[in-house]
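Colleague: Sharing a structure below in structure tokens format, with a few things to ask.
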Amino acid sequence: MADHDTSIDDNDDELYEHYSFTAEKGQQPLRIDKYLMNFIENATRNKIQTAAKNGSIYVNDTPVKQNYKVKPFDKIRVLFEHPPYEYLLTPENIPLDIVYEDDELLVVNKPAGMVVHPGHGNYSGTLINALTYHFDNLPNNSSNRPGLVHRIDKDTSGLLVVAKTEEAMTHLSKQFFDKTSEREYVALVWGNVDEDSGTVEGNIGRHPKNRLQNTVFEGDDADKGKPAVTHYKVIERLGYVTLVSCKLETGRTHQIRVHMKHIGHTLFNDERYGGEKILKGTTFNKYKQFVENCFKVLPRQALHAKTLGFEHPKTGEFLRFNTEIPEDMQLCVEKWRNYSKHQEL
Numbered sequence: 368m369a370d371h372d373t374s375i376d377d378n379d380d381e382l383y384e385h386y387s388f389t390a391e392k393g394q395q396p397l398r399i400d401k402y403l404m405n406f407i408e409n410a411t412r413n414k415i416q417t418a419a420k421n422g423s424i425y426v427n428d429t430p431v432k433q434n435y436k437v438k439p440f441d442k443i444r445v446l447f448e449h450p451p452y453e454y455l456l457t458p459e460n461i462p463l464d465i466v467y468e469d470d471e472l473l474v475v476n477k478p479a480g481m482v483v484h485p486g487h488g489n490y491s492g493t494l495i496n497a498l499t500y501h502f503d504n505l506p507n508n509s510s511n512r513p514g515l516v517h518r519i520d521k522d523t524s525g526l527l528v529v530a531k532t533e534e535a536m537t538h539l540s541k542q543f544f545d546k547t548s549e550r551e552y553v554a555l556v557w558g559n560v561d562e563d564s565g566t567v568e569g570n571i572g573r574h575p576k577n578r579l580q581n582t583v584f585e586g587d588d589a590d591k592g593k594p595a596v597t598h599y600k601v602i603e604r605l606g607y608v609t610l611v612s613c614k615l616e617t618g619r620t621h622q623i624r625v626h627m628k629h630i631g632h633t634l635f636n637d638e639r640y641g642g643e644k645i646l647k648g649t650t651f652n653k654y655k656q657f658v659e660n661c662f663k664v665l666p667r668q669a670l671h672a673k674t675l676g677f678e679h680p681k682t683g684e685f686l687r688f689n690t691e692i693p694e695d696m697q698l699c700v701e702k703w704r705n706y707s708k709h710q711e712l
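Quick note on numbering: the working numbering labels position 282 of the sequence shown as 649, and the sequence is numbered without any gaps.
Okay, here's the thing in structure tokens:
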């Protein structure tokens, strides 16, 4: 091998893979910095270009510059000399809203805006950083994440159960897997939901064009996703939006957000799925201003994990916890309530 050859094998032993993608067969030629911007959350063009300059971006095992054009089936890997930060857990003294605690487990009410576990772009300020500060020797789950039995999205508020012992981790994880736990969310969605109640069934998997989204796969493509079932019920009709309760039978990533969009009712102000646009209503400027004010009051998707129920791993008792809808969401609902009354929609 020539001295100047920088093929991946020379220094692979000290490089850690942070991302890897395979370009789709229909991939149009696209600069790699632009391509990676579409696929990596919280990445800036500048960071990607710096990584390319430093020889950290490999295509088909060879380093490329930022102007490389991605082609169909290219194998793209981003490698750095340090391990992904999620393996470097720093305990942080962040206050927790603990709803219940005993020797086996605790139930936390997570605020909106808090990431559950460290990952790309979010290496501090997460629930796990807080948990490892407040509690010693939390058991790891199958992804090496201390205490975590399940998770909710960054901008979703609400209840999570955390295991404090190996036995509790095993027992609780099995309940989530077997679908015997109870999880009810409250969501504000765009549009007037036709039926008073219903069930959405549709396999959920990663969106083929936008890696930051998930989508429903049906028909011949169904096997590209995993089975997912959401039961919804209308709580209150507020004109151009509806307040609904959603019960999860399965727990796929973004499940409620994906399923409600699938049936034409994207979550209010869910930026990732297009809910930050005015999807229903009038063209009047006054209405536009009203919706903008609602977005300001609730600068996130309108989703709250309200109820959580499970069997206690030690006592066998079924525990059920409830939380109030947080203030930002309540204020937004109140605005819609007043608006719909005055408009007699």
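Yeah, the Cβ is synthetic: ideal placement off N, Cα and C, and Gly gets one too.
Alpha carbon to alpha carbon, how far is H517 from L527?
Modeller: In a straight line, the C-alpha of H517 is about 7 Å away from that of L527.
Colleague: Buried or exposed: which applies to Q656, given that a residue is buried once 16 or more other Cβ atoms fall within 10 Å of its Cβ?
Modeller: Looking at its Cβ environment, which holds fewer than 16 other Cβ atoms inside 10 Å, Q656 is exposed.
Colleague: Around the Cβ of R624, are there at least 16 other Cβ atoms within 10 angstroms (buried) or fewer (exposed)?
Modeller: Buried, because 16 or more other Cβ atoms sit within 10 Å of the Cβ of R624.
Colleague: When burial is assigned at 16 or more other CB atoms within 10 Å of the CB, is R667 buried or exposed?
Modeller: Buried, by the Cβ-count rule.
Colleague: Using a Cβ-Cβ cut-off of 6 Å (strictly less than) and excluding sequence neighbours within five positions of H598, which residues of its own chain qualify?
Modeller: Taken in chain order, the residues that qualify are T566 and K614.
Colleague: Would D441 and N427 qualify as a contact pair, given that the criterion is a beta-carbon distance under 8 Å?
Modeller: Taking 8 Å as the Cβ cut-off, D441 and N427 qualify as a contacting pair.
Colleague: Skipping 5 residues on each side, what residues in its chain have a beta carbon closer than 7 Å to that of A530?
Modeller: Cβ within range, chain order: L472, P506, G514, V516, M536 and L539.
Colleague: Looking at C-beta atoms only, is the number of pairs between the region 588–602 and the region 660–679 that lie closer than 8 Å three or more?
Modeller: No: the two stretches stay apart, fewer than three of their Cβ pairs being nearer than 8 Å.
Colleague: Within this structure, are the beta carbons of M404 and L555 separated by less than 8 Å?
Modeller: For M404 and L555, no; Cβs fall outside 8 Å.
Colleague: So who's on the other strand from T674, going by DSSP bridges?
Modeller: According to DSSP, T674 bridges with E551 and N689.
Colleague: Ends of the beta strand (DSSP E) at I602?
Modeller: Note, I602: beta strand (DSSP E), V596 to L605.
Colleague: On a Cα-Cα basis, can you pick out the residue from T582, R578 and K436 that is closest to N409?
Modeller: It is R578.
Colleague: Note down, in chain order, each residue of its chain lying with its Cβ closer than 7 Å to the Cβ of I519, except the 5 sequence neighbours on either side.
Modeller: Cβ neighbours of I519 beyond the five flanking positions: K477, V483, G525, L527 and A672.
Colleague: Are the region 675–695 and the region 625–644 in contact at 8 Å, needing three or more beta carbon pairs?
Modeller: Contact fails: fewer than three Cβ-Cβ distances are below 8 Å.
Colleague: In the DSSP assignment, what are the bridge partners of I430?
Modeller: In the sequence as displayed, the identity of residue 430 is Pro instead of Ile. DSSP, once it has assigned bridges, lists Y425 as partnering P430.
Colleague: Exposed or buried, what is F685 when buried is set at 16 or more other beta-carbons lying within 10 Å of its beta-carbon?
Modeller: Flag for F685 reads exposed.
Colleague: So which of S564, T532 and V596 has the shortest CA-CA distance to T609?
Modeller: The option with the nearest alpha carbon to T609 is S564.
Colleague: Looking at the secondary structure, which residues open and close the beta strand (DSSP E) in which L473 lies?
Modeller: Unbroken beta strand (DSSP E) run through L473: L472 to K477.
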